[in-house]
Amino acid sequence: MEEWRQVLARSIVKPKDLAERFGLDEKEVEAIVGPYPVRITPTVLETIKSPGDAIWKQVVPDMAEL
Numbered sequence: 090m091e092e093w094r095q096v097l098a099r100s101i102v103k104p105k106d107l108a109e110r111f112g113l114d115e116k117e118v119e120a121i122v123g124p125y126p127v128r129i130t131p132t133v134l135e136t137i138k139s140p141g142d143a144i145w146k147q148v149v150p151d152m153a154e155l
């Protein structure tokens, strides 16, 4: 498999996976991320220190945006 396909395969696309990764309530994440397509690559995931940090705010929708 080509490298870019592997990166896409390891990316987070489901609200459930995002919630599990950061210890968040799955229903809350689903309410925010569910309506919008999200793909967070492993490289970006490694740079997110916690929900709400600068990188998080760039890649995860916020309720204020809805």
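Per the working numbering, the sequence shown runs over residues 90 to 155.
Positions of the beta carbon are idealized from the N, C-alpha and C atoms, including for glycine.
- Contact between valine 122 and leucine 107 holds, since their C-beta atoms are separated by about 6 Å, short of 8 Å.
- Isoleucine 144 and glutamate 135 have their C-alpha atoms spaced approximately 10 Å apart.
- DSSP, reduced to helix, strand and coil, places isoleucine 129 within a strand of the structure shown.
- Beta-bridge pairing by DSSP links isoleucine 101 to Ile129.
- When Trp93, Ser139, Pro150 are compared, the shortest CA-CA separation from tyrosine 125 is found for Pro150.
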